[in-house]
Structures are given as structure tokens and as C-alpha cells.
Amino acid sequence: MNFILRPHIDVEKWDYLVAKTRYAGIYNYSYFLDSVCENWCIYVDEHYSVGIAIPFTNKLKTKLVYTPNYLRCLNLLGEINQKKIEAILKEIKNEFSSGDLAIENLEYELNGKTRVYQQISRTHEIQINTLSKRMLKKFDQSQLRISSNVELESVFSFLESNLFQRIQGLTKSDFILFKKLIINLNNLKMLKICGVVNSQNEFKGCSLFVQTKEKLIYIKGVASQDAMKDGAMYAMLFKNINEAHDNNLDFDFGGSNINSIKQFYSNLGGQDTLYSKIIWGNQPLYYKIAKYIYHFIGKFK
Numbered sequence: 558m559n560f561i562l563r564p565h566i567d568v569e570k571w572d573y574l575v576a577k578t579r580y581a582g583i584y585n586y587s588y589f590l591d592s593v594c595e596n597w598c599i600y601v602d603e604h605y606s607v608g609i610a611i612p613f614t615n616k617l618k619t620k621l622v623y624t625p626n627y628l629r630c631l632n633l634l635g636e637i638n639q640k641k642i643e644a645i646l647k648e649i650k651n652e653f654s655s656g657d658l659a660i661e662n663l664e665y666e667l668n669g670k671t672r673v674y675q676q677i678s679r680t681h682e683i684q685i686n687t688l689s690k691r692m693l694k695k696f697d698q699s700q701l702r703i704s705s706n707v708e709l710e711s712v713f714s715f716l717e718s719n720l721f722q723r724i725q726g727l728t729k730s731d732f733i734l735f736k737k738l739i740i741n742l743n744n745l746k747m748l749k750i751c752g753v754v755n756s757q758n759e760f761k762g763c764s765l766f767v768q769t770k771e772k773l774i775y776i777k778g779v780a781s782q783d784a785m786k787d788g789a790m791y792a793m794l795f796k797n798i799n800e801a802h803d804n805n806l807d808f809d810f811g812g813s814n815i816n817s818i819k820q821f822y823s824n825l826g827g828q829d830t831l832y833s834k835i836i837w838g839n840q841p842l843y844y845k846i847a848k849y850i851y852h853f854i855g856k857f858k
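The letter at position 155 of the sequence shown is residue 712 when you use my numbering, and the numbering goes up by one with no holes.
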């Protein structure tokens, strides 16, 4: 097996390997990695029958593996077993002095920290709790309604002012990266937009989803404070959960380890699915300082 940098990857072969690996998520495809990674390479055999994508950064002459924003986790692809996984991870750690790599192959022992995301399997009934039912009823009795007639630029503007400015650590550069991903998904006809408007047709909320052959995946969403109190987020997600179920798709909440968000997904029937975060080595002190300065300055760009 060899490490292959992005310019030299046979994208057609790589994406075919992703497509034929039953459990592989959207995050492994070249178009997704191109959208969110500063740099990425693959570690793959000559026939592209076994491999993994590796996002990395070259900040201050230090080559470090990292998990980019908007990319939940990757998969070890192809015909693998415990022995192959151990050999692959050993080679990655030899190539990169330190790293933070999220992988979803928990049928094998990865020796990482356990993380969770929430989803509803297409084979399970949709079961929501009493709070969800109450919020959905509140939405139905409000002056709000769901709209699919939403312009993407309006969504970007609303998300930037109502979501990204609230999230600590996200910068203007992070938002530009997010827009790049969403535009690429839209160009590939994979993006689904759900909006909420009031009786004056004023924009009050939006949610973005990406649809694959197997899943409908929630990406990001937000509602104004008053619309949120009237159940707008519950209504947008519940509508899409039902549409996924009707089309024999799993519904993927995208996942969160933040208790309040995780509880919100659980209220709507989300079940925990595990993945692993593998961390090794130590980031150099000057890299940690540079990373802090980047995020601090980015807030004022």
C-alpha cells in the first residue's frame, strides 16, 4: 500500500471503492473531501481495493492529520479485517507524527475514544417523545409554515447571522468553507433545503440536508428565537424524517456529543450510533499557538 497525494489520486477508482463499500459514508467521496479539507491524501493498495482517506495540514512545516469541520468521520474501505486495520493505522502513525482521525468501523477494535451520532433506521418506526409532539402541535397552531421555495443565498445569509455568529470557535473562513461544500452539493443535485416563513412570508428558519442513495443527512439548521419557541426546528426535521422513511432511507442527524443537541435528536427518535476518534502524538506548541491565533483573528475578519 502507498500514500498518494490528491493531485495523483485516480478519483474514478477511489470513488468506486467508496461506492462499493457497503457502510461507507458520504464523507469519503472525493467531492466532499475536496470541499472541506485543506489537504488530503489516500493510503491505498495498487488495485484500489483497500484504503482510507487522510485529511492533513502542513501548518508551519508540520504535517498533521486532522478531522475538518463538517466531516464527521471516515471509513476504512474495501475488504478489511482486524489485522489489516492495525497495519494501516500503524503506517499512518509512522507517516504523520501526530493526528486526530475519526473513523466509523466499530465492528473492529480501533483503540480510540468513542463518539456518537444519532440516526433513525429505515427499518424502525418513527417514535417521538411527548415534548416533540407538543412542539409540533405548537408549530401547527402558529402563523408559521414550511416552505421549499427558498433561495440558497437567502439561506447563507440567514445561517451566517443566526447560526455561525453564535458558535464559538467558528470563523469567517469556516463559513466560506461551509458555503463551498453546500454549493458543491447543490451542483451535484444532492442538496435539499427546508425553510420556515411566517404569515408575511418573512424568512424565519432553514435547514439543509444532503440525500444519498441510502440516507437523508441533516447538515445544519437554525430558526429565529421566536420561531424556535414555536417549534420550527422540530417541524423542519420531523417533516424530513417522515420523507426519508417514506422513501426507504435512513435519517442521519449528523450527530453531536453536546448533550442539549443530542437530547433534541433523541426527542425526535434518534438512536445513538458509535464511531471512534483516534488521537496520537503531540501537536507542537507553536502549532497550538498558531491555531489559537487563527481562530481569534478569524472572528474579526
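Built from N, CA and C at the ideal position, the CB exists for glycine as well.
In this text the structure is predicted, and so the values were computed from the model without any measurement.
- Take the alpha-carbon of TYR832 and the one of ASN662: they are about 7 Å apart.
- Beta bridge pairing from DSSP links GLN639 with no other residue.
- Excluding residues up to 5 positions away in sequence, nothing lies with its Cβ nearer than 6 Å to the Cβ of GLU682 in the same chain.
- Taken through DSSP and simplified to helix, strand or coil, SER756 comes out as coil.
- With the rule of 3 Cβ pairs closer than 8 Å, the segment 706-713 counts as touching the segment 741-757.
- Going by beta carbons, ASN632 and ALA581 fall inside the 8 Å limit.
- Just so you know, the alpha carbons of LEU701 and LYS819 end up roughly 25 Å apart.
- The beta strand (DSSP E) runs of length 3 or more contained entirely in the segment 771-852 are, from start to end of the chain, 772-780, 807-809 and 828-837.
- Nearest Cα to ILE836 within the set LEU667, SER678 and HIS802: LEU667.
- Excluding residues up to 5 positions away in sequence, VAL575, ALA610, LEU631, ASN632 and LEU634 lie with their Cβ nearer than 7 Å to the Cβ of ASN585 in the same chain.
- Taking each of GLY656, GLU648 and LYS618 in turn and checking the Cα distance to ASP602, the smallest one comes out for GLU648.
- Annotated three-state conformation of LEU688 is helix, per DSSP.
- With fewer than 16 other beta carbons inside 10 angstroms of its own, HIS604 counts as exposed.
- The C-alpha of PHE732 is placed about 12 Å away from the C-alpha of ASN719.
- For ASP657, the enclosing beta strand (DSSP E) stretches over residues 656-660.
- Beta-bridge pairing by DSSP links SER764 to CYS751 and GLY778.
- Between MET790 and LYS618, the alpha-carbon positions lie close to 43 Å from each other.
- For ILE703, the closest C-alpha among the options PHE735, ASN758, PHE713 and LEU658 is that of ASN758.
- Boundaries of the alpha helix (DSSP H) around ILE739: 729-744.
- The continuous stretches of alpha helix (DSSP H) do not include LYS618, and DSSP gives it neither H nor E.
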